[in-house]
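Numbering (this note's numbering), first residue to last: 779 to 931.
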């Protein structure tokens, strides 16, 4: 194969992970915070500790950044959502500190992914019996408003 040819994935079971290296770093930050601080602190403390980890791992982040939620039909902005963290302008993170994680939190995160330009979200709960990390993905090729946004800009 010459160097200009791309190898095609012919194995249907093999899936290339979206932003694999970035997600690996982010998950490492979750574990580092959980190991350092344990369970039962307030969400804001975990958020600040996580921000320190992001700095140590040289990850760019924005806390409480407002992101647009778009109409699937018209591509107009319906409102905004404020995730706890936005990492590398690619991954949204919601932080929880409760003894259990509820399905509503997962569904809400998926809804925000469906209605925004972001494709990856993490819900992390530092106070469950074991550290809870849920990675959700909703790729832009499944969002009808994305193409309309590109044309409008």
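Glycine included, every Cβ here is placed at the ideal spot set by N, Cα and C.
Three-state secondary structure assigned by DSSP to residue 855: strand
Nearest to residue 861 by CA position, among 849, 844 and 867, is which residue? 844
Does the region 817–831 come into contact with the region 897–907, if we say contact requires no fewer than three beta-carbon pairs (one atom in each stretch) closer than 8 Å? yes
Is it right to say residue 898 is buried, meaning 16 or more other beta carbons lie within 10 angstroms of its own, or is it exposed? buried
I'd like to know whether the C-beta atoms of residue 823 and residue 893 end up nearer to each other than 8 Å. no
Which residues DSSP lists as bridging residue 841, in chain order: 863
With distances taken Cα to Cα, identify the nearest neighbour of residue 875 among 805, 801, 798 and 811. 811
At the level of alpha carbons, what is the spacing between residue 832 and residue 910? 19 Å
In its own chain, which residues sit with a C-beta less than 6 Å from the C-beta of residue 788, not counting the 5 before and 5 after it? With a pLDDT of 45 at residue 788, under the threshold of 50, the modelled position of this residue cannot be trusted, and the question is left open.
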